[in-house]
Amino acid sequence: MSDIERSGFSEFDRWLGLAKRTRELLDAAIGHGQLPAGGAAYLADRTLPHVESVQAGFVGWLRSDAAGIDELRYLLGRVAAIRVEGPSTDAERRAAEAEAAAELVLASHDARRPAALRLAEPWSLAALAHARVVLAMLPRIADDDVRYPSGRRTYADIAVPRGPAELSDRLEELERSLWRTASGRRPDPADPAFRRAYGFFDAADRLGRRAFGLAA
Numbered sequence: 000m001s002d003i004e005r006s007g008f009s010e011f012d013r014w015l016g017l018a019k020r021t022r023e024l025l026d027a028a029i030g031h032g033q034l035p036a037g038g039a040a041y042l043a044d045r046t047l048p049h050v051e052s053v054q055a056g057f058v059g060w061l062r063s064d065a066a067g068i069d070e071l072r073y074l075l076g077r078v079a080a081i082r083v084e085g086p087s088t089d090a091e092r093r094a095a096e097a098e099a100a101a102e103l104v105l106a107s108h109d110a111r112r113p114a115a116l117r118l119a120e121p122w123s124l125a126a127l128a129h130a131r132v133v134l135a136m137l138p139r140i141a142d143d144d145v146r147y148p149s150g151r152r153t154y155a156d157i158a159v160p161r162g163p164a165e166l167s168d169r170l171e172e173l174e175r176s177l178w179r180t181a182s183g184r185r186p187d188p189a190d191p192a193f194r195r196a197y198g199f200f201d202a203a204d205r206l207g208r209r210a211f212g213l214a215a
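Residue numbers (the working numbering): 0 to 215.
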C-alpha cells in the first residue's frame, strides 16, 4: 500500500488497503458505469476471496447453541442448497446468461473455481470478527461522514444483523453484489443491497483509520 500509512500489522494493513480500494472501485462503477482497468480482476482476486474468508470464519464460528432451532434449520438449508428463484422473463434470462458468461471469464482469469466449504483458519475467524464490528458500526457513522455518492447521505437505516441467520444473509448479499459488479453489471444507486455493500467497505475503511489513528 504505497498510498496510505501502514499500521504495522501486515494482515490488518491488507484489510485496510482492500477496504479503501474496493470502495473506490464501487465509486467508479456508480459514477462511470463501469470499473476502471484492472478493477474487475481486483474484486475477483482480492475482495471476493476476503469475503469468502469471512464466510469460512462464520461456518467455523457457528455453534449449535448460537441460535434457536428454527434459525439453525434455516442455516442448514442455506448450506445444503442455495434457494434462488430462476429468471422468469426473457430479459431476466438474458441478463442471467450474460452474468454467468462474465463470471466464467473472471473465474478463468486465474483458474479460480467456485468457493468450496473449508475449515476456518485463525485469520478467517479474525476476518469474521472484523466484519461483525464493521456491520455494527455502519448505522452509527455520522451523516456528514457517509461517502455513498447518491440518494440519502446516511446509513442509519441499515440494521445491524440480529443473529446468525441475518449475518449469513448479509454476507451472502455482500458477495452477490460484488460478483455482479465484477461481472460488468452497472450498479443501480437505488439498489438497497448495493448500498449496503458500499456502506460495508466505507465503514471498514473508516474503522481501520480510526483504529490506527490514520488521516481520513
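Every residue gets a Cβ at the ideal spot worked out from N, C-alpha and C, and that includes glycine.
Within 10 Å of its beta-carbon, does D204 have 16 or more other beta-carbons around it, so buried, or fewer, so exposed? By the neighbour-count rule (16 or more Cβ atoms within 10 Å), D204 is buried.
Alpha helix (DSSP H) containing I29: first to last residue? I29 -> alpha helix (DSSP H) spans 9-31.
Under 8 Å between C-beta atoms of A126 and V58: Taking 8 Å as the Cβ cut-off, A126 and V58 do not qualify as a contacting pair.
Counting C-beta neighbours from all protein chains within 10 Å, is the total for H31 16 or more, i.e. buried, or is it exposed? So H31 counts as exposed.
For A43 versus A181, is the C-beta distance shorter than 8 Å? In this structure, A43 sits near A181, with a CB-CB distance shorter than 8 Å.
Check each candidate in A36, P121, L47 and name the one with the smallest Cα separation from G56. Nearest C-alpha to G56: P121.
Please name the residue, chosen from E51, A40, L124, A28, that lies closest to S149 on a Cα-to-Cα basis. In this structure, A28 is the residue among E51, A40, L124, A28 with its C-alpha nearest to the C-alpha of S149.
Proximity below 8 Å, CB of A192 to CB of E172: Less than 8 Å separates the beta-carbon of A192 from that of E172.
Rounding to the nearest angstrom, what Cα-Cα distance links R185 and S176 in this structure? Cα to Cα, the separation comes out at about 11 Å.
How would you label R131, buried or exposed, when you count the other beta carbons within 10 angstroms and need 16 or more for buried? R131 comes out buried.
For S223, does the count of other Cβ atoms within 10 angstroms reach 16, so buried, or fall short, so exposed? There is no way to answer for residue 223, as the model of the chain reaches only from 0 to 215.
Under three-state DSSP, which class holds E165? Residue state for E165 is assigned as helix, using DSSP reduced to three classes.
Count the other CB atoms, across all protein chains shown, that sit within 10 Å of the CB of P35; report buried if there are 16 or more and exposed otherwise. Under a 10 Å Cβ-count criterion, P35 is classified as exposed, with fewer than 16 other Cβ atoms of the shown protein chains found around its own Cβ.
Give the straight-line distance between the Cα atoms of L24 and Y41, rounded to the nearest whole angstrom. Going by the C-alpha atoms only, they are around 9 Å apart.
Residue span of the alpha helix (DSSP H) that contains A130, given as start and end: Element bounds for A130: 121-136.
Measuring alpha carbon to alpha carbon, tell me which residue in I157, A135, A18, D190 is nearest P48. Ranking I157, A135, A18, D190 by Cα distance to P48 puts A18 first.
Give the range of the alpha helix (DSSP H) segment to which Y41 is assigned. If you look at Y41, you'll find it in the alpha helix (DSSP H) that goes 38-41.
Kindly indicate the opening and closing residues of the alpha helix (DSSP H) around G56. First-last of the alpha helix (DSSP H) with G56: 47-60.
Would you kindly work out how many angstroms separate the C-alpha atoms of R143 and G198, rounded to a whole number? Looking at the sequence shown, residue 143 is not Arg but Asp. Straight-line Cα distance between these residues: approximately 14 Å.
When DSSP labels each residue in this structure, what does A181 get in the three-state scheme? Here A181 sits in helix by DSSP.
Tell me whether D190 is buried or exposed, calling it buried when 16 or more other Cβ atoms sit within 10 Å of its Cβ. Classification for D190: exposed.
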